[in-house]
Amino acid sequence: MPAVGIAGIGGLAMALHRSMGVRPRRRAADVSWDSTISGVVATLVFLGGSLALRRTAVAEAAPERPEAG
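Structure below.
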């Protein structure tokens, strides 16, 4: 789902650029680059941690398979 959201935002940005000539400025909404980068990194860490926890929970909930042999 996160990939779908990112693709949707990218598509919207491309549509705005083509139809209205809107281009991102150096600072979006008066937020400095270092704050923007740290926000993006924090989001990626949160998503990565969430996926790791989900995989662990699914693996623990799965029934154990008998060993072949």
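Under full-length UniProt numbering, residues 1 to 69 are what the sequence shown spells out, in order. Even glycine gets a Cβ: it sits at the ideal position worked out from N, Cα and C. Please read these numbers as outputs of a predicted model, since none were measured by experiment.
- Per DSSP, the continuous alpha helix (DSSP H) segment holding R55 begins and ends at W33 to A61.
- Under the three-state reduction of DSSP, R65 is assigned to coil, being neither helix nor strand.
- Between I9 and A42, the alpha-carbon positions lie close to 19 Å from each other.
- Between P2 and L47 a beta carbon distance of about 6 Å is seen, short of the 8 Å cut, so the two are scored as contacting.
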